[in-house]
């Protein structure tokens, strides 16, 4: 499955031994040990922090005077955010009765107070519940009530929407309070809610007691609830322990370290003289990309974090230049926006994107726009971010919300040799390819199963749903079709539900989508349309950049597909749609596009374009 041939200086076994050896990572974070957890022996990171509280206290002390959060006119150092988080934690405890294990719901845009509140939760050992701020009313209320948050934190937009329901909501959820962050941006007062600024101003307690009173949080205590996309029903809360959540912060360190070792190089130690990395986080904190990967990795590396109120490519480009940011990314459309912006040629060190396919086409465009940039491509629901200012490497990663982001990654020459691979499992993660209840040998496709200390504890108060995706011995069924090669490199082919079956031929939608990318194409969704004889045929919905809409035609795309795909996989129809629907994770909502395509298919009398 290799694209080019190269001879690594070290074998994979040699690399793994060095990677996890003492002295090869900051604080020996990659050193392994085995632990019995839930009755199963698991590989874990020996020196991992026992809690997010310890992680945050350590980082804020180490980087105390460095700039940390930047949002419009607001600027805070690590120490300033620590002091604010201590005061917030004291208010949570003294005013609202929040204790270890209680849940605090946060439903807001990416304000600095969001981050401060997140750290405040963990200083108490409370469970941070990160709720999708863009949800419609019914699933939004569902998320807030099912988790029974003791304290609910909203921004003014969510406060406006929830005000008519707030009395009922607080009763059902048993909340002791509802507060509004950045309340000055709204009307300033809401029934049943308090402006957070007023609460902070009126508090006269002693925040230092938060440091004095250690809640004694351990690895297996509950830590975080993040909700799934809810594309096929109400969102499910993914509950993770401290260990499960924090494992990802270490997993993000693996890809590039492996790349250096494979080339025969040594891993450079962190230097206090290194310039500070600056990262623009433009994806919501309520998604694993925003918090589990980008915020945690940025904080671990002492980076400066810049925030945007909402995505705007012009403002993003201006902020990147103004703050000398070197890392950014989000969903593929954001990467395309930056490629097309005046930022072209800027010395980015890393550009990440995920939640969709067509990595190869976007990679080449990104390289042309930002020649010195490391591009980290995240298929499906994966995420990551940057830690150190090392030489850029082309990279990919793979994971999902239920395994707290990264399960596998690849970088450097291994990526160049296998550009369609999502990499090797992390040192603490196992991968299986399963089909019909049997583990498949290398080269055979099946469902990707994941096991490790990063796999979720379960869906919040939904054991039936948990049992459907997590086996009794801890394997998470990803719902992705994939294959492992002889060396253990993983290749993702498709989502199980997105396989198109044409006359008995299984067609993975990813290959069709990649084949349709040409200049001007922004997003592609391959979907099935019905056929009486063959059962299903391939169709595609395509989004085209405004500047190229007169050049990218249906016939041109199908002609291109014929040069790249076997005949049975060539789309019978292309439907153009300007704005693809996405969930907050950046995934394309194929259900909506499938309906659109099938409606057009019926309108055309089920006739392929060649016959029209």
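In UniProt numbering, the protein residues as written are 1 to 612.
Ideal placement from N, C-alpha and C gives every residue a C-beta, glycine not left out.
- The alpha-carbon separation between residue 501 and residue 538 amounts to approximately 9 Å.
- In the three-state DSSP reduction, residue 143 falls in the helix class (H, G or I).
- Residue 296 is a Cβ neighbour of residue 248, given a cutoff of 8 Å.
- Counting only unbroken stretches of 4 or more residues, the alpha helix (DSSP H) elements lying wholly within the stretch 184–232 are 196–202, 209–212, in sequence order.
- The stretch 134–142 and the stretch 85–95 do not touch, with fewer than three beta-carbon pairs separated by less than 8 Å.
- Under the Cβ criterion (8 Å, minimum of three pairs), the stretch 181–188 counts as touching the stretch 150–164.
- Here the stretch 67–83 makes no contact with the stretch 40–55; the two share fewer than three CB pairs at distances below 8 Å.
- Rounded to whole angstroms, residue 29 and residue 119 show a C-alpha spacing of 21 Å.
- When DSSP reads this structure, residue 56 sits in no beta bridge, so it has no partner.
- Exposed is the label assigned to residue 216, since fewer than 16 other Cβ atoms lie within 10 Å of its Cβ.
- Counting other Cβ atoms within 10 Å of its Cβ, residue 222 reaches 16 or more and is therefore classed as buried.
- In this structure the stretch 540–551 does not lie against the stretch 485–504, because fewer than three pairs of beta carbons, one per stretch, are closer than 8 Å.
- Measuring C-alpha to C-alpha distances from residue 77 to each of 305, 485, 554, 252 identifies 305 as the nearest.
- C-alpha of residue 340 to C-alpha of residue 583: approximately 23 Å in a straight line.
- By the CB criterion at 8 Å, residue 432 and residue 475 fall inside the cutoff.
- A contact is defined here as three or more CB-CB pairs under 8 Å, and the stretch 555–573 meets this definition with respect to the stretch 509–518.
- Residue 233 and residue 13 have their C-alpha atoms spaced approximately 44 Å apart.
- Relative to residue 85, the option among 209, 161, 146, 147 whose CA is nearest is 209.
- When secondary structure is reduced to three states using DSSP, residue 155 falls in the strand class.
- In the pairwise beta carbon analysis, the stretch 279–291 is classified as touching the stretch 306–326: at least three pairs are separated by under 8 Å.
- From the listed residues 81, 254, 344, 489, the smallest Cα separation to residue 302 is found for 81.
- In the three-state scheme derived from DSSP, where H, G and I count as helix and E and B as strand, residue 412 is classed as helix.
- Listed in chain order, the alpha helix (DSSP H) runs fully inside the stretch 249–307 are 254–262, 296–300, counting runs of at least 4 residues.
- Between residue 126 and residue 104, the CB-CB gap stays under 8 Å.
- One Cα belongs to residue 450, the other to residue 609, and the distance between them is close to 42 Å.
- Counting the other Cβ atoms within 10 Å of the Cβ of residue 189 gives fewer than 16, which makes it exposed.
- The Cβ atoms of residue 262 and residue 414 sit closer than 8 Å to each other.
- Between residue 428 and residue 452, the gap from beta carbon to beta carbon is short of 8 Å.
- Taken through DSSP and simplified to helix, strand or coil, residue 313 comes out as helix.
- In the DSSP assignment, residue 530 is bridged to 536.
- Cβ neighbours of residue 601 within its own chain (closer than 7 Å, five residues either side excluded): 529, 539, 573.
- Using a Cβ distance threshold of 8 Å, residue 442 and residue 485 count as a contacting pair.
- Our two residues, residue 163 and residue 567, have alpha carbons roughly 56 Å apart in a direct line.
- Residue 149 has its alpha-carbon roughly 14 Å from the corresponding atom of residue 167.
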